[in-house]
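Trainee: Just so we're aligned: 127 in full-length UniProt numbering is position 127 of the sequence shown, and the numbers increase by one with no gaps anywhere. Pasting a structure below so you can have a look.
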Amino acid sequence: MSQRVYRIGVIGAGVMGERMMNALRTHQTFRIAAISDVSAERAQEAAKLSGDVPWYTDHRELLEKEELDAVYLAVPPKFHHAIALDVLAHKKHFLCEKPLANSLEEAEEMLRAATEAGVVHAMNFPTYYQAIFPELKRRLDELGQIRRIDILTHFHQWPRPWQQTPWLSGREQGGFIREVLPHYTHLTYELFGDLEVIRSEVDYPADPEACETGVSAFLRLADGTPVTINGLAGIAHKEHLDYRIYGTEGTLSLQNWTNLFEGKDDEAVSPLEIPLIDRLSHLLDEFANAIEGREARLVTFETGVKVQKVLEDLLGNNR
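Pasting the structure below:
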């Protein structure tokens, strides 16, 4: 690890921004240099916790006034595109929350801008930076022929109790398709390659401004392997997420983000012991490796664009 410390600006001090700032405050390679949030109260509080660094309510002031090596963006997806173009015009290394943008066209323009800027660009997909991902990938060879992948996302309440922000309940940029399914779309790309939506049915409430309450979709991998998505919100059922891979010789099930189960023959799936690692610290390690020109495991904007296309195809013309 390099002895150099990189100055990073944080744009967005909400729930996700606070989680990343907690990791940045203890990371040996990065130092929070400035913070921007449209809420002066949130920006000021986060700045105080970060060592009384400068704070702004306009990200453009942060970019103009501060000497930064990198920027981390954690705002609602509707605003990713415009802010990203400003960041990349200043040629700053860029770490962005998912989804990459609020449309495929925006995502593609962000990728072009990042490529032209010649900077490191990366996204925060947590599962990829956990110990569970390499274990999941390693065990694929034990499954035999992959028959199908089922993705189940069931929510008693949406937005979830800890995510009560208005935009997450709105149709324009919220909903669990945009908020949760990017994780599983990305996981599928990393494990199996390209993914195509064959058909998708999205359920909406009567309120034309409200986000979806259900999705049923059928997709295929490049080799023809089927992938199904079963998503529901507002049901009498405890929140449950399951990414399940069925093979002729075994089954793998990633449940509720961090619990991996394995099944063989006619047995029920049983839990596997997977060590926990600090995923955000791992992500920041890889981000620093890339900035310094070393080999790095990062989810770049290229993959972000692929994920974005699947999201748009799932939503279709119903947005």
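Positions of the beta carbon are idealized from the N, C-alpha and C atoms, including for glycine. All figures in this text were calculated on a predicted structure; none of them were measured in a lab.
Which same chain residues, not among the five before or five after ARG60, have their C-beta less than 7 Å away from its C-beta?
Mentor: ASP86, listed in sequence order.
Trainee: Taking the alpha carbon of VAL71 as the reference point, which residue from PHE79, ARG139, LEU62 has its own alpha carbon closest?
Mentor: LEU62
Trainee: Going by CA-CA distance only, name the one from LYS78, ALA101, VAL75, LYS65 that's closest to HIS90.
Mentor: Checked all of LYS78, ALA101, VAL75, LYS65; the closest Cα to HIS90 is LYS65.
Trainee: What are the partner residues of THR228, as DSSP defines its beta bridges?
Mentor: Paired residue(s): ASP150, PHE218.
Trainee: Which residue comes first and which comes last in the beta strand (DSSP E) that contains HIS240?
Mentor: 240-247
Trainee: Is it the case that the Cβ atoms of PRO275 and ALA74 are separated by a distance below 8 Å?
Mentor: no
Trainee: Per DSSP, what kind of secondary structure is LEU140 in: helix, strand or coil?
Mentor: In this structure, LEU140 counts as helix in the three-state DSSP scheme.
Trainee: Looking at the unbroken alpha helix (DSSP H) that takes in VAL15, where does it start and where does it end?
Mentor: Counting along the chain, VAL15 sits inside the alpha helix (DSSP H) bounded by residues 15-26.
Trainee: Apart from the five residues just before and just after ARG25, which ones in its own chain have a Cβ nearer than 7 Å to its Cβ?
Mentor: ILE32, SER50
Trainee: Considering only the beta carbon of each residue, do TRP167 and PRO76 sit closer than 8 Å?
Mentor: yes
Trainee: Cα separation between LEU241 and TRP158?
Mentor: 14 Å
Trainee: For SER39, does the three-state DSSP call read helix, strand or coil?
Mentor: SER39 falls in the coil class under three-state DSSP.
Trainee: Here's a check: name, in chain order, each residue in its chain whose Cβ is nearer than 7 Å to the Cβ of ARG147, leaving out the five neighbours to either side.
Mentor: TYR246, GLY247, THR248
Trainee: Mind checking whether residue 320 and ILE149 have CB atoms under 8 Å apart?
Mentor: No statement about residue 320 is possible, as the shown extent of the chain runs from 1 to 319 and does not include it.
Trainee: Compute the beta-carbon to beta-carbon distance between LYS309 and LEU104, rounded to the nearest angstrom, for a pair I have assumed lies under 8 Å.
Mentor: So it is a contact: roughly 5 Å between Cβ atoms.
Trainee: Does DSSP classify PHE176 as helix, strand or coil?
Mentor: helix
Trainee: Determine the direct distance from the alpha carbon of ASN102 to that of HIS80, and round the result to whole angstroms.
Mentor: 8 Å
Trainee: From GLU172 to ASP141, what does the alpha carbon distance come to, in whole angstroms?
Mentor: Between GLU172 and ASP141, the C-alpha separation is close to 40 Å.
Trainee: In angstroms with no decimal places, state the Cα-to-Cα distance between VAL299 and ALA122.
Mentor: 5 Å
Trainee: Can you tell me the Cβ-Cβ gap for ALA46 and ALA13, rounded? I've got them flagged as a contact below 8 Å.
Mentor: At roughly 4 Å, the Cβ-Cβ gap stays under 8 Å, so ALA46 and ALA13 are in contact.
Trainee: What three-state label does DSSP hand LEU100 in the structure shown?
Mentor: coil
Trainee: Hey, quick one: how far does the beta strand (DSSP E) through ASN289 stretch, first residue to last?
Mentor: From DSSP, ASN289 is part of no beta strand (DSSP E) but of the alpha helix (DSSP H) over 279-291.
Trainee: What ranges does the alpha helix (DSSP H) occupy inside the segment 59-102, keeping only unbroken runs of at least 4 residues that lie completely in it?
Mentor: 59-65, 80-89
Trainee: Buried or exposed for GLU196, going by 16 or more other Cβ atoms inside 10 Å?
Mentor: exposed
Trainee: Need the endpoints of the beta strand (DSSP E) that GLN255 sits in, please.
Mentor: 251-255
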